[in-house]
Amino acid sequence: MSKIKCKCGHENPFGTVLCEKCGRPLTEEAKQSEVVDMRYEGSARRSQTYKRSIIDKIWNFFSSVKIGVSIIIAVLATSAIGTLFPQKFYVPVQTPEDLLAYYERLYGFIGTLYYKLGFYDMYNSWWFKVLIGMLGTSIIIASVDRVFPLYKSLKRQRTKRHPSFMKRQRIYGEGTALTPDLSLEKAEEKLKEMKYNVKKEDGAVLAEKNRFSRWGPYVNHTGLIIFLFGILLRGIPGFYVDDTMWIREGELRSIPGAPDYYLKSNQFIMEMYTKEEADEVFGKALDRVGSIVKNYQTDVSLYKKKEDGLPGSTDMEFVKDYSIIVNKPLKFDGYNIFQMDYRLNELKSMKMKLIEKETGDSFGEFTIDLDDPKGVYELENGATVNLIGYYADYAGVENGEPVSKSPVPNNPAFIFDMRTPEKPQGEKSFVAIQQTLETEENAYQVKFVSADTRHISGLTIRKDKTLYILLLGGIIFMIGVIQGSYWNHRRIWVQKGNDGNLLVAAHTNKNWFSLKKELESVKDYAGLPKYVDRRDTDIESEQEEGEK
Amino acid sequence: MMELADLSANLLLVSFIAYLVATAFFGGAIKKASSETTYKKSRWGQIGITITVIGFISNLGYFITRWMASGHIPLSNMFEFTAAFGMMLVGAFILLFYLYRTPSLGLFALPIAIIMIAYASMFPKDITPLIPALQSHWLVIHVITTVIGEAILVISAVAGLVYLLKNVDLTKPSRERFWLEAVMIALVLVIGFVVSSTTFKLTGYEAHFTYIDKEDKPKDIEYNYPPLFGMNEYEAQTPEAMTPWIEMPAIVNAKTLTTFVWSVATGIVLYLLLRLSIRRPVATLLKPFAKKANSQLMDEIGYRAVLIGFPVFTLGALIFAMIWAHEAWSRFWGWDPKEVWALISWLFYAAFLHLRLSQGWEGKKSAWLAVIGFIIIMFNLIAVNLIIAGLHSYA
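Chains as they are written, first to last, in the working numbering: chain A, 1 to 548; chain B, 1 to 395.
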């Protein structure tokens, strides 16, 4: 593609709208316009210049801000739809049939539709991921398309601009000055005082400040891309661990997702706010809502497998004791363990006694450890109780056999074989909570005495190596967005025109109000000609009204 | 401690009244001024801003004394959060007033803050102790930053509203007039909520019910409005209370629905009365107050507020939020409805900035976007807390 040679002699890249050096409009459209479009300085952007090959077309598609905004709106809309009903991970059921039934039961036809369309798992759906991917692509291409031409253009800009450039600025004024040279000098002085960088060339002054704010958008887009990249990394094994474990008080377990580490739960604590300690301030609230939880806590000991230990050996060394509470996870070796859930009062052991039904005489007590129900319990006077069947979560009898629906001791039941000197051949008895079944009338009975319970803690184990990348992305984004929002790039041009005229023009990418305030003080100090803001129609109409 | 809590309540009342008085002065500034310059330097405007600042200081006093009384930052339930939102809105207005010195902004920002504080006061005002998830210094950092960011963003909508009132032709029917009137109706509906809620609170209305929730568990509920709608399988515990018209399925919170319908009904009655007495769109009542505003300046303020607020909002509602979520819930992002709506607000304002910067959406388009942004923020505050309910619904 050929270069465009401007009248000033500068060779501009193909597609340039305003000459990089002197600012002369180069296209017909720019020549016709009253106020020239100053975005990207009228530089030649790839997307505006090449439109032929398929790569050009893809490039142009993603570099368009219109497309970018459309993608943003699409992400916004899909995200919003996802909040209409609870997402899959907040629903208490998991299998597809149960999920369908759940949405149908609670939300009727719309619920069914919500499930069928896949909206119940919106944020893991392929189309949501595609949208995010497109957003990332758009951010990269749109930024690259703009940042380099803009940089070149701002670097090559000349101090002395062509009058045709000046005239097409939003803020522009021209007029005669008695002493143009003195005005220029005074303007320069005042602008310097206001922290502008002032350049001079042949009867022209260019004052510029905060050019760096123009890079803000590109910096914040870089931050966003780093953030999205970090999210992509989580798919790689080893970068990201997310597991849960249930641990009972007194139990020692290996930590899922963290090989070689073991955790022992010493105690689970749940505390409520009490009226006495919460004093009068909270009294009313406690009356209104009942009880409010103050603390969930699991006291744990962390162990690590010894380094010189043989493979498969369970030699461990103590690492530390810690109290995991909400907002204070246990941290070690890149892992975090969080207090997430609990179950109270699970049965731990049950104390029983063997009695003779008629007299009520006891042969003594024995304790069944529900984690490890033992076979034979020796009692006084030569009696023994043999535990021949254990059903942790007894759920009735099927095909003549008692069944347990889970290994969790929610409703333990036992079959005992009781042997006493009187009945050495033994008597069989089925014992569940509040019930005893016998095949034939027995002389002896196992009776429940008491039970020990314990609490269970639900813990989540996380390791996330991408966090620092995400944080870095976040910090860069913040720097960029602050750089671009809290400063603005201002330029003021003053130059001598023909026959002793002075021309003034000014441009900023945002916050015209402050620019005008600064320009006003320069004008007053240096005696510059009057200028107008061609966008501010109110002022003109008010002046007209005043004149009438 | 209780004395502090009482002092706190009184300080809030003082600031509420101060804002009302200041609004009147800003109104005066607009009535009296004859030109742009006299308007800017107007005596009335000076008095207005002074009273606003006094009110704001008293409001800060409310915040600090309540903090001292409870031992934790007063941003942990619906009343505290919304009241703080109103306060920060005034703070954001003061900031922008000193940047641009325009009484028009105050005339519209203060009433919105007043409505917000009144709305907040309809929720239980007891000081509640913190649940474990909230016991973290991130509560202070995350919520304060978010609320400041949102308040500044709302100022953008206030400027947008002034811009639209001034520039939309209200003399003949148009789509813009319709939607502007719709915004007015929405504001009247909020007032309807405040009026109806206060009325029934003063009469001490109470109706108790038992019902079955969506997980099939029996629950109790207390209505403060005559129950138009009954909860799922409800049984009345207060015999003299009215019998609900219809029973709702378990997924609908019939109490919220009842409150909503009462508020809307009251609001519509208020609106119709107003409309009948003036015989023209309600927006025309406000138009004279927007007339003195400089359109260019309002457009500028609307944009500037987004520029100032957007980074603060990002920091508070996304970055700090993620850091805290990682500490408390083990993941920095969990697609909880409140999180999603914070992301939606953020995406919306990102779209706003892009449309303005590169599509040249200024003036009316930009003003409408700012108003929509306000609606999204309010939706996240009100609807997500009361209707969608997730991990964030502490109220």
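Note that CB positions come from ideal geometry on N, CA and C, so glycine has one too.
What does DSSP give as the partner residues of residue i in its beta bridges?
| i | result |
| --- | --- |
| A/Lys98 | Note that residue 98 of chain A is Asp in the sequence shown here, rather than Lys. The partner list for A/Asp98 (beta bridge, DSSP) is empty, contrary to what the question assumes. |
| A/Tyr369 | Note on residue identity: the sequence assigns Asp, not Tyr, to residue 369 of chain A. DSSP output for A/Asp369 lists A/Ser349 as bridge partner(s). |
| A/Leu337 | One detail in the question is off: residue 337 of chain A reads as Ile in this sequence, not Leu. Its beta-bridge partners are A/Leu330 and A/Ile461. |
| B/His208 | B/Glu222 |
| A/Pro86 | A/Pro86 is not bridged to any residue. |
| A/Trp493 | A/Leu206 and A/Ala505 |
| A/Ala432 | A/Ala413 and A/Gln435 |
| A/Ser323 | A/Asp299 |
| A/Phe318 | A/Tyr303 |
| A/Leu354 | A/Val446 |
| A/Lys5 | A/Glu11 |
Quick check on residue i - is its C-beta less than 8 Å from some C-beta in chain A?
| i | result |
| --- | --- |
| B/Phe123 | no |
| B/Tyr394 | At B/Tyr394, the pLDDT of 46 sits below 50, so the modelled position is not reliable; the number obtained from the coordinates is stated separately. No, B/Tyr394 lies away from the interface with chain A (no Cβ there is under 8 Å from its Cβ). |
| B/Phe348 | yes |
| B/Thr238 | no |
| B/His354 | yes |
| B/Lys214 | yes |
| B/Val14 | no |
| B/Pro132 | yes |
| B/Phe310 | yes |
| B/Ile377 | no |
Would you say residue i reaches chain B, if we count a Cβ-Cβ gap shorter than 8 Å as a contact?
| i | result |
| --- | --- |
| A/Tyr151 | no |
| A/Leu178 | no |
| A/Ala285 | yes |
| A/Phe485 | Strictly speaking, residue 485 of chain A in this sequence is Ser, with Phe absent from that position. Taking Cβ atoms only, chain B reaches closer than 8 Å to A/Ser485, which makes this a yes. |
| A/Leu76 | yes |
| A/Gly15 | no |
| A/Arg491 | no |
| A/Leu106 | yes |
| A/Asn210 | no |
| A/Glu547 | Any reading at A/Glu547 must be qualified, since the residue scores a pLDDT of 35, below 50, and its modelled position is unreliable; no value is offered. |
| A/Met245 | no |
| A/Tyr103 | no |
Give me the chain A residues within the contact set of residue i, using Cβ-Cβ distance strictly less than 7 Å, ordered along the chain.
| i | result |
| --- | --- |
| B/Leu315 | Met478 |
| B/Leu386 | Going along chain A, no residue has its Cβ under 7 Å from B/Leu386, so there is no contact; the nearest lies around 14 Å. |
| B/Ile127 | Val281, Phe282 and Ala285 |
Measuring alpha carbon to alpha carbon, tell me which of the options ends up nearest residue i.
| i | options | result |
| --- | --- | --- |
| B/Met87 | B/Tyr62, B/Leu130 and B/Leu105 | B/Tyr62 |
| A/Lys304 | A/Tyr296, A/Phe332 and A/Tyr391 | A/Phe332 |
| B/Ser121 | B/Leu96, B/Glu80 and B/Pro132 | B/Glu80 |
| A/Phe282 | B/Thr128, B/Ser58 and B/Trp67 | B/Thr128 |
| B/Asn253 | B/Ala383, B/Tyr119, B/Pro124 and B/Gly302 | B/Ala383 |
| B/Val183 | B/Ile372, B/Leu99 and B/Val269 | B/Ile372 |
| A/Lys559 | A/Asn411, A/Gln445 and A/Gln434 | No information on residue 559 of chain A is available, as it lies outside the stretch 1 to 548 that chain A covers here. |
| B/Leu272 | B/Gly302, B/Glu181, B/His354 and B/Val194 | B/Glu181 |
| A/Val205 | A/Ser183, A/Tyr322, A/Leu224 and A/Ser254 | A/Ser183 |
| A/Ile337 | A/Asn386, A/Trp246, A/Phe414 and A/Pro421 | A/Trp246 |
| A/Ala187 | A/Pro256, A/Asp533, A/Arg535 and A/Gln495 | A/Gln495 |
| B/Ala342 | B/Pro288, B/Gly149 and B/Gln359 | B/Gly149 |
Taking Cβ-Cβ distances shorter than 9 Å, what residues in chain A pair up with residue i?
| i | result |
| --- | --- |
| B/Tyr303 | Lys510 and Asn511 |
| B/Ala370 | The premise fails here: B/Ala370 is roughly 15 Å from chain A at the closest Cβ pair, so nothing lies under 9 Å. |
| B/Glu300 | Lys510, Asn511, Trp512 and Phe513 |
Name the chain B residues that come within less than 7 Å of residue i, Cβ to Cβ?
| i | result |
| --- | --- |
| A/Arg535 | Gln296 |
| A/Ala80 | Ile344 |
| A/Ile132 | Residues of chain B passing the Cβ test: none, with the nearest at roughly 11 Å. |
| A/Gln87 | Trp335 |
| A/Gly474 | Ile319 |
Using a Cβ cut-off of 9 Å, pull out every chain B residue sitting near residue i, in sequence order please.
| i | result |
| --- | --- |
| A/Asn60 | Those do not exist, as A/Asn60 stays about 14 Å from chain B at its closest Cβ, beyond 9 Å. |
| A/Thr460 | Trp329, Ser330 and Arg331 |
Should residue i be flagged as near chain D, meaning a C-beta pair shorter than 8 Å?
| i | result |
| --- | --- |
| B/Val340 | Structure shown: chain D not included; protein chains present are A and B. |
Residues of chain B with CB closer than 8 Å to the CB of residue i, please, in chain order.
| i | result |
| --- | --- |
| A/Lys66 | Gln359 |
| A/Arg288 | Pro124 and Asp126 |
Tell me the start and end of each unbroken alpha helix (DSSP H) in the region 271-296 of chain B that is at least 4 residues and wholly inside, in chain order. 283-290
Could I get the ranges of all uninterrupted alpha helix (DSSP H) runs contained in the region 336-389 of chain B, with 4 residues as the minimum, in chain order? 337-359 and 364-381
As an exercise, report each continuous alpha helix (DSSP H) stretch of at least 4 residues that is fully enclosed by the region 92-153 of chain B, in chain order. 103-120
Segments of 3+ residues assigned as beta strand (DSSP E) that fall wholly inside the region 239-272 of chain A: 240-248, 252-254 and 261-272
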